[in-house]
Amino acid sequence: MLKPKVLILRTAGTNCDMETEHAFRLASGDPRRVHINELVAKREVMASYDILAIPGGFSYGDDIASGKVLANELRYELGEQVRDFASCGKPVIGICNGFQVLVKAGLLPGFTPIDEELQATLTFNDSAKFEARWIYLKVSTKNKCLWTKGIKKLLTLPVAHGEGKFIPREKKVLDLLKNNGQVVLQYTDAKGKSAGYPANPNGSVESIAGICNPQGNVFGLMPHPERHLTKYNHPRWTREKLGEKGDGLQIFINAVEYSKKKKL
Amino acid sequence: MIYRIEVGYKKNILDALGESVNKDIHDLGIKKVSKVKSVQIYKIDADLNFAQVDELCRKLLIDPITQEYLVNQPVEHEAALPHILVEVWFKKGVTDAVGDTVITGARDLNIQGAINSVHTGTKYVLYGQKLTTQQAETIARKLLANAIVQDYNINQGKLA
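Just so you know, the protein sequences line up as chains A and B, in that order. For our numbering, add 200 to where a residue sits in the first sequence, where the first one is 1. For our numbering, add 133 to where a residue sits in the second sequence, where the first one is 1.
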């Protein structure tokens, strides 16, 4: 059976594309790294892929605000393609900078196919510092996200961002996110309890680390699942009893499996 | 036509840069500063009308959830409290990478050709009773500006 084709979107300043490619390959996908100009020039067609991933990095130097310029490029140059891709239920993931892009492009929270008015944002960490370290995450029990299906354990993944503080536009948006099962990941302490800084590295409202759209196919998160694919990625693998698989791998496997079933 | 756009954080949003500069000022040994507000400035030379510049602000330069902006006038700050204003700009001839990115970003709004140049600067509003311009000068020199590539100017604002 054909492996699902994964489009890993690249642009100036993307720097986690190779790890993300590796993750999808381990998950039995068929990933390709594609520069956005290839799509704008129509040398590549988004619709010919099964999964879209916007990896981490510092697109356009994080100038003006993280992810803003790439978000506008998606919204104004590729709007229709992206909207169709997401609306037909194909899996989309944005990691770190990619999450900032999905939110600022209006694909997340995604109350409409592309939210005209920004419903949430990711802004500077409360600490005003770039936070780069391992953190703990709990997967919300009632979330609808296909990417985290079946994952119940407390996850440990690294974060590496300066602008990761999630803020919804208003309380109504936060209530909608919760009621729709769109809150997917929340920062916790090592015991899985919600806690302030440093467990919550950026001051996100309700410790939100990742959300999905109402359909559950578009997923964005600040931590880096592609940096925890085997136990050897973990700083304490010699001291702690860890499984062979890293905590991030299942997220990629879920999307690849979902695409395979969808294709049948 | 040259437009000067100021972007600042809304009142209910934490100004993380301002807070961190405030801490650094205290570490310099200057205890007279009580609060710092940071403001991003864009000086845009463009053949655009006001409505187009307004669109550029809304769609590219600001985050509508956390920030507010004004064109050709300063964003609001607590003018009644004693304060000194420090502005930091790149020296002539130094590459302004963020300014270049604004031109790149304007491409997606189909107004790239109309922009001749973009310069970016930062304004710091230093609040504090009895803060002197000499102290503001020290803060600008030691903390806010890198003298090799940046210039600063100090505006007395409202002195106590």
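Every residue gets a Cβ at the ideal spot worked out from N, C-alpha and C, and that includes glycine.
A/VAL301 is positioned such that its CB atom lies no closer than 9 angstroms to that of B/LEU193.
Interface with chain A (9 angstroms Cβ-Cβ cutoff): B/LYS170 is excluded.
With the rule of 3 Cβ pairs closer than 8 angstroms, the stretch 151-158 of chain B does not count as touching the stretch 446-456 of chain A. The secondary-structure analysis by DSSP pairs A/LYS205 across a beta bridge with A/ASP230.
Note on A/ASP375: under 16 other CB atoms within 10 angstroms of its CB, so exposed under the neighbour-count rule. Runs of the alpha helix (DSSP H) spanning 4 or more residues and lying entirely within the stretch 200-240 of chain B occur at 230-240, in chain order. The shortest CA-to-CA distance from A/TYR458 to any of A/LYS242, A/ALA212 and A/GLY289 is the one to A/GLY289. For B/GLN200, the closest alpha carbon among the candidates B/TYR142, B/TYR260, B/VAL282 and B/GLY261 is that of B/TYR142.
Its Cα nearest to that of A/GLY420, the residue A/GLN386 stands out among A/GLN386, A/THR430, A/THR356 and A/LEU239. For A/SER287, the enclosing alpha helix (DSSP H) has its first and last residue at 279-287. Shown here, A/ASP315 sits in coil according to DSSP, grouped into three states, outside any helix or strand. At least one CB of chain A lies nearer than 9 angstroms to the CB of B/ILE146. At a cut-off of 9 angstroms between beta carbons, A/GLU317 contacts chain B.
Identification of chain B residues near A/ARG369 by a Cβ-Cβ cut-off of 9 angstroms yields PRO197 and ILE198, ordered along the chain.
Residues of chain A whose Cβ lies closer than 7 angstroms to the Cβ of B/ALA247 do not exist, since the nearest Cβ in that chain is about 16 angstroms away. Interface residue (Cβ-Cβ distance to chain A less than 9 angstroms): B/GLY238 is classified as such.
A contact between stretches requires three or more CB pairs, one per stretch, nearer than 8 angstroms, and the stretch 290-297 of chain A fails this requirement with the stretch 261-268 of chain B. When beta bridges are read from the DSSP output, B/ASP160 appears opposite no residue.
Residues of chain A whose Cβ lies closer than 8 angstroms to the Cβ of B/THR234 are, in chain order, TYR260, GLY261, ASP263, ILE264 and VAL269.
Under a criterion of Cβ atoms nearer than 8 angstroms, the residues of chain A adjacent to B/VAL231 are, in order, GLY261, ASP263 and ILE264. Taking 8 angstroms as the cut-off between beta carbons, the residues of the stretch 140-165 of chain B near chain A are ILE146, LEU147, ALA149, LEU150, GLU152 and SER153, in sequence order.
Interface with chain B (9 angstroms Cβ-Cβ cutoff): A/PHE324 is included.
With at least 16 other beta carbons inside 10 angstroms of its own, B/VAL221 counts as buried. Separation of A/ARG243 and B/ALA184 (C-alpha to C-alpha, rounded to the nearest whole angstrom) is 35 angstroms.
When secondary structure is reduced to three states using DSSP, B/THR271 falls in the helix class.
Taking 9 angstroms as the CB threshold, A/GLY403 lines the interface with chain B. For the C-beta of B/LEU181, not a single chain A residue is nearer than 7 angstroms; the gap to the nearest is close to 17 angstroms.
With respect to A/GLY256, A/THR220 sits close: the two C-beta atoms are nearer than 9 angstroms. None of the residues of the stretch 419-446 of chain A has a beta carbon lying less than 7 angstroms from any beta carbon of chain B. Nearest Cα to A/GLN382 within the set A/THR356, A/GLY362, A/ASN343 and A/ILE351: A/ASN343.
According to DSSP, residue pairing for B/ALA184 in a beta bridge does not occur. In this structure, A/ASP262 keeps its C-beta atom at 9 angstroms or more from the C-beta atom of A/GLY306. Non-local beta-carbon contacts of B/VAL282 in its own chain, meaning distances under 8 angstroms to residues more than five positions away in sequence, involve PHE223, LYS224 and VAL227 in chain order. When the five nearest sequence neighbours on each side are left out, the beta carbons in the same chain lying within less than 7 angstroms of the beta carbon of A/THR323 are those of GLU363, LYS365 and ILE367, in order along the chain. Annotation for A/SER340: no beta strand (DSSP E) segment contains it, and DSSP assigns it neither H nor E.
The beta carbon of A/HIS428 lies closer than 6 angstroms to those of LEU357, GLY446, ASP447 and GLY448 in the same chain, with the five residues before and after it left out.
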